[in-house]
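Enquirer: Just so you know, we're using the UniProt record's numbering here: the sequence shown kicks off at 1 and counts up by one.
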Amino acid sequence: MYAKCGEVGSYCEVFDEILDRNVVSWTSMIVGYVQNDCQEERLVLFNRMRKGLVEGNEYTIGSLVTACTKLRALHQGKWVHGYVIKNSIEFNSFLVTALLDMYVKCGDVRDGRSIFGELSVIDLVSWTAMIVGYTQCGHPSEALKLFMDEEWVDILLNSVTTSSVLSACGQLGNLDLVRLVHDLGIKLGLGDPIVRNTLTDMYAKCHAVRDARYIFEAVMVKDVITWNSIISGYSQVGSAYEALELFHQMRLDSISPDAVTLGGLKSSSVYVGTALLNFYAKCGDVKSACIVFDGMVEKNSITWSAMIGGYGMQGDGSGALALISDMLKENLEPYEVIFTTILSACSQWGGLEVNQVRELMRQRGLRKSPRHSQVEMDISEDISLPKVALLW
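(1) By DSSP, does Asp326 sit in helix, in strand, or in coil?
(2) Taking the alpha helix (DSSP H) that Leu71 belongs to, which residues open and close that run?
(3) Tell me whether Val109 is buried or exposed, calling it buried when 16 or more other Cβ atoms sit within 10 Å of its Cβ.
(4) Apart from the five residues on each side of it in sequence, which residues of its chain come closer than 7 angstroms, Cβ to Cβ, to Ile215?
(5) Could you tell me how far apart the beta carbons of Asp123 and Ser159 are, in whole angstroms, since I believe they sit closer than 8 angstroms?
(6) What distance in whole Å lies between the Cβ atoms of Ile131 and Ser93, which are believed to be in contact at a cut-off of 8 angstroms?
(7) Going by beta-carbon coordinates alone, are Ala129 and Thr97 separated by less than 8 angstroms?
(8) Mind pulling the alpha helix (DSSP H) runs of 4 or more residues that sit fully within the region 204 to 264?
(9) Give the C-beta separation of Thr69 and Gly62 to the nearest angstrom, bearing in mind that I take them to be a contact with Cβ-Cβ under 8 angstroms.
(10) Roughly how far, in whole angstroms, is the beta-carbon of Leu166 from the beta-carbon of Leu188, given that I think they are within contact range, below 8 angstroms?
(11) Can you give me the Cβ contacts of Asp183 inside the same chain, cut-off strictly under 6 angstroms, excluding the 5 residues immediately before and after it?
(12) Taking the alpha helix (DSSP H) that Cys290 falls in, what are its first and last residues?
(13) Helix, strand or coil for residue 439, going by three-state DSSP, please let me know.
(14) Which of the three DSSP states, helix, strand or coil, is assigned to Leu157?
(15) Taking DSSP as the reference, what is the three-state secondary structure of Leu190?
(16) Please report the residue range of the alpha helix (DSSP H) in which Ile115 lies.
(17) Would you identify the three-state DSSP class for Ser164, choosing helix, strand or coil?
(18) Taking C-alpha atoms, which residue in Ala208, Gly185, Met148 and Ile194 lies nearest to Asn174?
(19) Rounding to the nearest angstrom, what Cα-Cα distance links Phe91 and Met102 in this structure?
(20) Please classify Gln314: does DSSP put it in a helix, a strand, or coil?
(21) If I follow the unbroken alpha helix (DSSP H) through His139, where does it start and stop?
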């Protein structure tokens, strides 16, 4: 009861008061840690159990394997597997499925397949786990081979199976297979958000943006994953305007973009990347602007200037000057307006970087405009220096 309510301290106290602990009480305690995501504590408790000369059963071990899976602790998971074999513990469906899940999620699909091959009865859970493992570990052909094997033709796939198979098709760029699995999903009534998001993503990866857009528009409640899939799709085929338009609509729908959204946009073109960078810079979100800037493969003078201007608008003189230095190393010339932006921000910096800005302008052969003079006069007032000290 305490475990199900999340009262870890309370059920630990109850457990410690038990004088004659057997495998049931130890297993219950371990399962309690499972339910509350206390993975490391569960492994420590198992060692205490062994020191107490109590041997675990298949349910005890299955829970330990689950802990190793969540910790991505493949080495410890293999040790537990060896413990099962050494102590002749029965391999029931719970334990075998836990072992299979542990191997595939830890990236060891070879040992996972060995476990899968030893199963006396293949069910939907184990079959799907193996397909997911192959797909996530970059073996799409093996995933599809397992999916289409007639030996398991009687197993009805669920949304997780369908999504994994679609992902495998997308990795291979096989549009015909995507459509085939799509049709199968429709016949089985698998139209939940997971499948629809994956369909949008896979059609996009196969450059079938019209199909991707059709699925996208059919999704009633769109989350950030849905938007990312379609934006990335348009970016991949070079449709920069549509990608940026969708991003704008995403913002209007109050969906906050994440790093994947930015990655999809910045890969489409310099134009989109610069527009997005400029948008974040003007909004004062320099962190997001930096993510876009750093991820752009191709940068031009406008791109660099937009990022430098972003630092300038936030009063980060050091950051702006460092970026100008990097820009010059790329043999790109900053626009004069950038120096105006930086000088304008000097009033916030206290004028500490103004001499460096002036020196850079001299080196680039840029003449001071009336606006520069006014800005410098403003700076001199802010830091209580004679105006003449800053005039050329």
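Don't be surprised by glycine CBs; every beta carbon is placed ideally from N, CA and C.
Expert: Let me spell this out:
(1) helix
(2) Glu58 to Leu71
(3) buried
(4) Arg196, Leu199, Thr200 and Tyr203
(5) Contact flag wrong, Cβ pair sits at about 16 angstroms.
(6) Not a contact, Cβ separation roughly 18 angstroms.
(7) yes
(8) 209 to 218, 224 to 236 and 240 to 252
(9) Not quite, the Cβ-Cβ distance comes to about 11 angstroms (not below 8 angstroms), so this is no contact.
(10) That belief does not hold up - the Cβ atoms of Leu166 and Leu188 are roughly 13 angstroms apart, past 8 angstroms.
(11) none
(12) Val286 to Gly295
(13) With the chain represented from 1 up to 392, any question about residue 439 goes unanswered, as that position is not in the structure.
(14) coil
(15) coil
(16) Val109 to Glu118
(17) helix
(18) Ala208
(19) 15 angstroms
(20) coil
(21) Per DSSP, His139 belongs to no alpha helix (DSSP H) and is neither H nor E.
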